[in-house]
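Numbering (mature numbering (1 follows the signal peptide of the UniProt record, and there is no 0)), first residue to last: -21 to -1, 1 to 95.
A virtual CB, placed ideally from N, CA and C, is assigned to each residue, including glycine.
These figures come from a predicted structure and were not determined experimentally.
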């Protein structure tokens, strides 16, 4: 009987700890969404550079982390990439090169690029 109780308490404890591991929202953090978008952006730039005369250098592009936000309309993280010289004032984007929407599960649900 004592062995059954110990096993039962152990099982309940393990299940409780596993349940606490997820905050219940199922939404990834902004840093994870940015990493996913960066990976896709690098692939898109590589594809563009392979087929275009005008190459894009990753050194000339930046991720605008302060612009990353979770949109209640699209239910996704909105992530923007910009040419480094594309900021004419603090926080004003004037030369956006790519925009990605990363869903709560980590999938890219929408992307828009303007490679010129």
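Can you give the Cα-Cα distance for residue 75 and residue 8, rounded to whole angstroms? 23 Å
**Report entry** Range of the contiguous beta strand (DSSP E) that encloses residue 50
**Finding:** 48 to 50
Could you check whether residue 86 and residue 44 sit closer than 8 Å to each other, using their CB atoms as the reference points? no
* **Three CB pairs or more closer than 8 Å across the region 38 to 53 and the region 10 to 24** => yes
- Query: Among all the DSSP beta bridges, which residues are the ones paired with residue 32?
  - Reply: Looking at the DSSP assignment, residue 32 forms no beta bridge with any residue, so it has no partner.
*Simplified DSSP state of residue 6, which is helix, strand or coil*: coil
Would you call residue -1 buried or exposed, if buried means 16 or more other Cβ atoms sit within 10 Å of its Cβ? Any reading at residue -1 is ruled out, since the residue's pLDDT is 49, under 50, leaving its predicted position unreliable.
My assumption, with CB atoms under 8 Å, is that residue 77 sits in contact with residue 49. Please give the rounded CB distance.
Not a contact, Cβ separation roughly 18 Å.
Per DSSP, what kind of secondary structure is residue 90 in: helix, strand or coil?
strand
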